[in-house]
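Chains as they are written, first to last, in my numbering: chain A, 387 to 765; chain B, 387 to 765; chain C, 387 to 765; chain D, 387 to 765.
A short write-up of the structure that comes next.
4 protein chains.
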Amino acid sequence: MTFENFIDTRKYTERLCERLETEDFVVQAVEEVSPAKWHLAHTTWFFETFLLKPHLSTYREFHPRYSYLFNSYYNAVGSRTHRFHRGLMTRPPVAEVMAYREYVNQEMGILLSKRMTEEVTLLLELGINHEQQHQELLITDLKYNLSLNPLHPEVLDIAEYPKRGETGWESIDEGIYEVGHQGKKFSYDNEHGRHKVFLEAFNISRALVTNGEFEEFIRAGGYQNVDLWHSDGWEWVTKNELKRPLYWQESGQGFKYYTLEGMKVVDPGAPVAHVSFYEAAAYAEWVGCRLPTEFQWEVASSRFDWGQRWEWTNSAYLPYPRYQKAPGAIGEYNGKFMINQMVLRGASVATPDGHSRHTYRNFFPPQSAWQFSGIRLVK
Amino acid sequence: MTFENFIDTRKYTERLCERLETEDFVVQAVEEVSPAKWHLAHTTWFFETFLLKPHLSTYREFHPRYSYLFNSYYNAVGSRTHRFHRGLMTRPPVAEVMAYREYVNQEMGILLSKRMTEEVTLLLELGINHEQQHQELLITDLKYNLSLNPLHPEVLDIAEYPKRGETGWESIDEGIYEVGHQGKKFSYDNEHGRHKVFLEAFNISRALVTNGEFEEFIRAGGYQNVDLWHSDGWEWVTKNELKRPLYWQESGQGFKYYTLEGMKVVDPGAPVAHVSFYEAAAYAEWVGCRLPTEFQWEVASSRFDWGQRWEWTNSAYLPYPRYQKAPGAIGEYNGKFMINQMVLRGASVATPDGHSRHTYRNFFPPQSAWQFSGIRLVK
Amino acid sequence: MTFENFIDTRKYTERLCERLETEDFVVQAVEEVSPAKWHLAHTTWFFETFLLKPHLSTYREFHPRYSYLFNSYYNAVGSRTHRFHRGLMTRPPVAEVMAYREYVNQEMGILLSKRMTEEVTLLLELGINHEQQHQELLITDLKYNLSLNPLHPEVLDIAEYPKRGETGWESIDEGIYEVGHQGKKFSYDNEHGRHKVFLEAFNISRALVTNGEFEEFIRAGGYQNVDLWHSDGWEWVTKNELKRPLYWQESGQGFKYYTLEGMKVVDPGAPVAHVSFYEAAAYAEWVGCRLPTEFQWEVASSRFDWGQRWEWTNSAYLPYPRYQKAPGAIGEYNGKFMINQMVLRGASVATPDGHSRHTYRNFFPPQSAWQFSGIRLVK
Amino acid sequence: MTFENFIDTRKYTERLCERLETEDFVVQAVEEVSPAKWHLAHTTWFFETFLLKPHLSTYREFHPRYSYLFNSYYNAVGSRTHRFHRGLMTRPPVAEVMAYREYVNQEMGILLSKRMTEEVTLLLELGINHEQQHQELLITDLKYNLSLNPLHPEVLDIAEYPKRGETGWESIDEGIYEVGHQGKKFSYDNEHGRHKVFLEAFNISRALVTNGEFEEFIRAGGYQNVDLWHSDGWEWVTKNELKRPLYWQESGQGFKYYTLEGMKVVDPGAPVAHVSFYEAAAYAEWVGCRLPTEFQWEVASSRFDWGQRWEWTNSAYLPYPRYQKAPGAIGEYNGKFMINQMVLRGASVATPDGHSRHTYRNFFPPQSAWQFSGIRLVK
């Protein structure tokens, strides 16, 4: 990792915001999403806190209150309220956050030209990966926040709905397999602890489920058929009166959906996105299949294309054998979320280049749908 | 009412926003407040809808979606959700709303130079009064929204806490009095129907209760003494763990409060503000007095100074004899709110010049405290 | 007031429960209603606490925990939770509560045979009136609790839906009238402070609105027409998806309703019951009338029959001039509720004989409908 | 399975209720628990619905509405409300439910004397196991419902807090193990699909964590130390202001807890009960251990005593390979709950004799604590 990698990452974050109005940076529609401004500042705070302050003796803090405002580690009572308040913080203005980014970039240049120790290199890599994670959230949070606007803002051209690839099934034999990260390249603590698992034989689909296939499920009454759903999923569907995936709208002729390039007619050949675990599992039940476990997915992943959608697995997010939380704030990230969440594998059209690997364990609660999440089947 | 009056009002609204950052225009912290941008647009929509569209044949709508976005008459199911979404509408941006204002101003110039009929004159007066009401809300909503920001933005210099005037009591004799608006000058439908009321003799304080007096109530345990509170008031206090008025903070030496000029030490000689009806009534109970009824207030109002604080009365907001809702959307405003609200009389430091009269009936639910609301006593 | 009056009142309470199963005494469906067992015990606790303990030196408490369990004066934090827990208190069993009643009755006999002082006489009268109030609540709470049971229990024969009387309008002249209680007979503190009011001339209907008339309102789309409702009333209707009064069900041929004698076909000639203030006001709006103020009602009450329904007025529940809370727990009752409630005048088919007078001020929040509440009109 | 087994099971259910007052059968304090009366009726409904109606042609339904009232399969919208309404159903009275039980028992005698086909035998076994499950819930639900009563009812003598056994650690070697039910004896569908798992070597404690050990955690500030808790667990602790396990109270000298034999001083040598998964996991974190996975537990279970507490595992409740939902209502039970729940293994002091096996998969949401749930550790 070099200063050039660092600057590339930083600039890419800003490029994602090029077409935003100042106002677009501020809002937060629900607790799970954050304002664009917060992502810009928080990723900067990370470099300031974990690299500049401890490792660059000449560094002077940009603003005394930013550490409080842009820290995401909310352990104290009342933190949830606080988190939802992100969207009410009109100050500092966007221009000042951009100045903060620039200031930290320059100071990082000084640090990296001077003290490229092993620890600094590791923290730099972590900081870059952290910012990459937030790039993806920046995109999905923007989409959620802007989707509520009746003017349907057009702010970013990513090919949200590419064509899916080859179809058919891959067969995997019964056996003992090794899973988990190995090697020196960057990875998170939750994928460490490479270990053996025993898998029975299974078949896994080469392609993701498409919009068109999911439309059949809708038209066959999938959202009205309790037998297809988990008990909690059914409660979620009925309480929210759901009849189609997030961002879909019924129009005169079929479905439309909101994308960051504006409203579009649903493309039947593209992989379905923005389904929750509950919807993915109900669809799998309807076609007489299952979702893969995360180990089935990992073992089979070299046999199919992936990277368009985060793929819901039927594995709960739990620690690997020998998993240990890293000490301190950096280590806090993963372990404490290992309950009430399901694992997603793969990557999506919003994942930045170079930020994906087949051992990566993403995770969200089963009702989450604002990520580009899709469906692969096993039988 | 002339075009000059119109332009003066319009420009005053904009002057209130001069020191705001673009970001400050967007947010909405709770359902009861609105974003500054919304106030700017909604008051403009009023002139467009009720004057330009029906009375200026050459008028062309500024934008086809604005009528939907900036209408406040939410009668349909689900309107509340909608109202809270005001703070999520990043588009149109502030600059475009300002262009909308300018466009409507120019078209109004055309209309008023051509067709100053009696109906147009009445609607113009109504529109100006409507915008004046929103000027006050713009100030109080801004205060609420910005008060949550740890950076304590300083955006407007109004003397929020002036000195209070002369003290002592005025005596009013028993008798039949007339209340309600009379004359040709502008007034709202809720103050119409001048009528007789019988009042027993009473004494009313010349001055408002001060911060210093209210601090005594706090220090005497007023917020912990159930006997002083209405049953619903006590529930409100305990549920929200209240110990002092809105915007007050405990500091090392006494209290500070947030103002639109930043954080300040509480001024003991200024009239208390931002108390709810519950707090006003509990204070009155504590000193062995009562709040005036709205008729006591109106009858006695020529005997004392008023205009610094909206003054809570012990009158529920109910129709006067012979009250009738005006037909259509304009008439919808007052009558439908005549339940679960208490009347406030007077005016406040945020009320624009010329927008107050002693028959004016303001009203809010008893827990509301974000207006500059204060306390006058009777005994 | 004599021991005989006391015993008559006590026995009447028990007669109301004669046809209940033990299980029926226990439950509490919503916070506003109480279990029958609680009413039986709480009224007994009143005599124990305010008469026996302070005035009968030989009295020995029946059970040390009952004072805590059957006290309704909940001033402490968390009281609401407590109130809802009434319906979870399986112990003491009903039989023991009956023994408690009998024990207190006997001790009251001793007290009244010995020390019929003026204070004891006043407290006896208060206790009897208190128990009479709870007799009415016992009936209405039972109705609510049992109405949820698919087996439609039949437990009490009162003529819930009598024929209404004479129709037409009474004219009342403009003038100064006196309102409020006078004389020596029992009354509550909230009706004290007889005072003058000025009323404009009005007409008041001799008869209450009937079920049949209210059905017309339903069939004319009254529950779907926002223009007829208060803003809060419309929210209440839409949130609860209301389409008819409480206890009404749509059946194949018209409406049925649950009564304490079981399910019955709606009687079109009987006065409508179980409407909220919101429904009463919307109905009045629909027919181009108003609800009377409590003073219009009181002044005109000698000109029409009343007593079948509590009649919603358009007066908020507020203190009369010179109203003062009585000191201590007994005085706590009325004053603290003087916010967010509307006055009802009259009496209902559930009101015990002798417990009604034309100055009586009943009060409930505007959404309440489980009392036998009806509609009279003015124009 | 014979008629004698059937009758033994039925009588045992009733013996559990011998010391209850009629009132105790009715209430339901929270949605997750059911009234005793409902358990008595629902288990009877099971035999009526799945055995008598389809297999005994002479059978006549006891009551036409019971099928609706005592069915637990709530798939329709609004079911949750319905479930909470169980505690409001005063009718049918307890005596009638007992008559229903007796009637069904007699009819079962007729059926079993006539047509002991293989299908009937299997359904009989299922019905007996179903009633045994409800026996345990009857006990734990009663405890929860009665625990809220200030009179601390004493209704059942089971040794809730026995002495724990031998301490120390058992070592299990790395290897491939088989898990899941095998053989002909009764089991549920969720434990079927015997399959291989690969386990790394681990050590598991022979004894359960005691009250005394858990008290040390409390006194060391365990409930105040965010680092020990899952993110969702910490939110649960702070929102509910938890400081000790369910049923524990602080007394002058240490802790007391409510048991079905009344209030008792906490026994430091007995295994802790009524801890949630969150508390179990926080305790394990505090002592530097982990909770076992369900497969570690199953593989090691022959090496230690179990049966006093349901033991939280760190396994989410997910389907085994080849798991398939049984068709129809009987099959609905398990699969639809396979999300947002954690597996508990073992059995408890409330589990009826013969209703436990080492492959049994119990499951509850991570915040559940009203079962006799405890803690075993691995390292």
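From the three backbone atoms N, C-alpha and C, an ideal C-beta is built for every residue, glycine too.
Nothing here was measured: the structure is a model prediction, and the numbers come from that model.
Task: Cβ of D:K582 within 7 Å of any chain A Cβ - done: D:K582 counts as touching chain A.
Open item on the list: Less than 7 Å between CB atoms is the rule here; does C:E586 satisfy it with respect to chain B?
Closed with: With a threshold of 7 Å between beta carbons, C:E586 makes contact with chain B.
Task: Beta-carbon proximity of A:N589 to A:W634, cut-off 7 Å - done: Contact: no.
- [ ] List the residues of chain C whose Cβ lies closer than 9 Å to the Cβ of B:P752, in chain order.
- [x] Near B:P752 (Cβ distances below 9 Å), the residues of chain C are I725 and N726.
Open item on the list: Tell me which residue opens and which closes the alpha helix (DSSP H) that B:F392 is part of.
Closed with: B:F392 -> alpha helix (DSSP H) spans F389 to R401.
Open item on the list: To the nearest angstrom, how far is the alpha carbon of D:N461 from that of D:R446?
Closed with: Annotation note: pLDDT 44 at D:N461 (below 50); position unreliable, coordinate value reported separately. The straight-line gap from Cα to Cα measures roughly 27 Å.
- [ ] Would you mind sorting B:N726 into buried or exposed? The rule is 16 or more other CB atoms within 10 Å of its CB.
- [x] Buried: at least 16 other Cβ atoms inside 10 Å.
Task: Residue from D:S443, D:K722 and D:F681 with nearest C-alpha to A:P707 - done: Of D:S443, D:K722 and D:F681, the residue nearest in Cα terms is D:F681.
Open item on the list: Check whether chain B comes within 7 Å of A:D410, counting only Cβ atoms and requiring the distance to be less than that.
Closed with: Yes, A:D410 counts as interfacial toward chain B.
- [ ] Please confirm if the stretch 417 to 436 of chain A is in contact with the stretch 505 to 522 of chain B, defined as three or more CB-CB distances below 8 Å between the two stretches.
- [x] The stretch 417 to 436 of chain A makes no contact with the stretch 505 to 522 of chain B; the number of CB pairs closer than 8 Å stays below 3.
Open item on the list: Against chain D, with Cβ distances strictly below 7 Å, would A:S617 count as a contact?
Closed with: Yes, its Cβ sits closer than 7 Å to a Cβ of chain D.
Task: Contact under 7 Å by Cβ, B:E586 with B:E560 - done: Contact flag set, yes.
Task: Alpha carbon of A:Y746 to alpha carbon of A:F758, nearest angstrom - done: Each residue's Cα considered, the two are about 16 Å apart.
TODO: Express the C-alpha separation of C:Y669 and C:G640 in angstroms, rounding to a whole number.
DONE: Each residue's alpha carbon lies about 19 Å from the other.
- [ ] State the Cα-Cα distance for the pair D:V652 and D:N597, rounded to the nearest angstrom.
- [x] Near 7 Å, if we compare the C-alpha coordinates of D:N597 and D:V652.
TODO: Mind listing, in chain order, the continuous beta strand (DSSP E) runs of no fewer than 3 residues lying wholly within the stretch 477 to 529 of chain B?
DONE: Counting only runs of 3 or more, we get nothing.
Task: Beta-carbon proximity of C:L438 to C:E493, cut-off 7 Å - done: Taking a C-beta distance under 7 Å as the contact criterion, C:L438 and C:E493 qualify as a contact pair.
- [ ] Determine whether the Cβ of D:E647 lies closer than 7 Å to any Cβ atom of chain C.
- [x] Not closer than 7 Å to any Cβ of chain C, the Cβ of D:E647 fails to qualify, so no.
Open item on the list: As a quick exercise: from D:E684, D:A733, D:G619 and D:S637, pick the residue whose alpha carbon is nearest that of D:R580.
Closed with: Ranking the options by Cα distance to D:R580, first place goes to D:E684.
- [ ] Examine the Cβ distances between the stretch 395 to 415 of chain C and the stretch 599 to 616 of chain B and report whether three or more of them are shorter than 8 Å.
- [x] Using a Cβ-Cβ distance cut-off of 8 Å, the stretch 395 to 415 of chain C and the stretch 599 to 616 of chain B are not in contact, since fewer than three pairs of beta carbons, one from each stretch, lie closer than that value.
Open item on the list: Measuring alpha carbon to alpha carbon, tell me which residue in C:K722, C:G693 and C:H741 is nearest C:E517.
Closed with: Residue C:H741 is the option with its Cα nearest to C:E517.
Open item on the list: Residues of the stretch 557 to 571 of chain C in Cβ contact with chain B at a cutoff of 8 Å, in chain order, please.
Closed with: Taking a C-beta cut-off of 8 Å against chain B, the contacting residues of the stretch 557 to 571 of chain C are I562, listed in chain order.
- [ ] Note the first and the last residue of the continuous beta strand (DSSP E) segment covering C:I558.
- [x] Note, C:I558: beta strand (DSSP E), W555 to I558.
Open item on the list: If you follow the beta strand (DSSP E) that B:L474 is in, where does it begin and where does it stop?
Closed with: Careful: B:L474 lies outside any beta strand (DSSP E) and carries neither H nor E.
TODO: Give the straight-line distance between the Cα atoms of D:R743 and D:T699, rounded to the nearest whole angstrom.
DONE: Distance between the alpha carbons of D:R743 and D:T699 is about 16 Å.
Task: Proximal residues of chain B, C-beta to C-beta of C:K767 below 9 Å - done: As shown, chain C starts at 387 and ends at 765. That puts residue 767 of chain C outside it, with no answer to give.
TODO: Could you tell me whether the Cβ atoms of A:R695 and A:A667 are closer together than 7 Å?
DONE: At a Cβ-Cβ threshold of 7 Å, A:R695 and A:A667 do not count as neighbours.
Task: beta strand (DSSP E) segment containing D:T699, residue limits - done: W696 to A702 is the extent of the beta strand (DSSP E) around D:T699.
Task: Neighbour flag for D:P657 against chain C, beta carbons, 7 Å - done: Cβ-Cβ to chain C under 7 Å: no for D:P657.
Open item on the list: Does any residue of chain A have a CB that is nearer than 7 Å to the CB of D:A686?
Closed with: At least 7 Å separates the CB of D:A686 from every CB of chain A.
Task: Own chain, CB closer than 8 Å to D:L594, minus 5 neighbours either side, in chain order - done: In the same chain as D:L594, and ignoring 5 residues on each side of it, the C-beta atoms closer than 8 Å to its own belong to R550, P657, V658, Q694, R695, E697, G760, I761 and R762, in chain order.
- [ ] Indicate whether the contact test is met: 3 or more Cβ pairs, each with one atom in the stretch 727 to 738 of chain A and one in the stretch 407 to 426 of chain B, closer than 8 Å.
- [x] Counting C-beta pairs with one atom in each stretch, the stretch 727 to 738 of chain A and the stretch 407 to 426 of chain B have fewer than three that are closer than 8 Å, which means they do not touch.
Task: Neighbouring residues, chain A, relative to B:P454 (Cβ below 8 Å) - done: As written in the sequence, residue 454 of chain B is Tyr, which differs from the Pro given in the question. Result: P536.
Open item on the list: Just checking: is the beta-carbon of B:R472 within a distance shorter than 7 Å of some beta-carbon in chain A?
Closed with: Taking Cβ atoms only, chain A never reaches closer than 7 Å to B:R472, which makes this a no.
Open item on the list: Strictly under 7 Å for the Cβ-Cβ distance: is C:M387 near chain D by that measure?
Closed with: So, not an interface residue.
Open item on the list: Distance check for C:H538 and C:Y398, CA to CA, integer angstroms please.
Closed with: Each residue's Cα considered, the two are about 24 Å apart.
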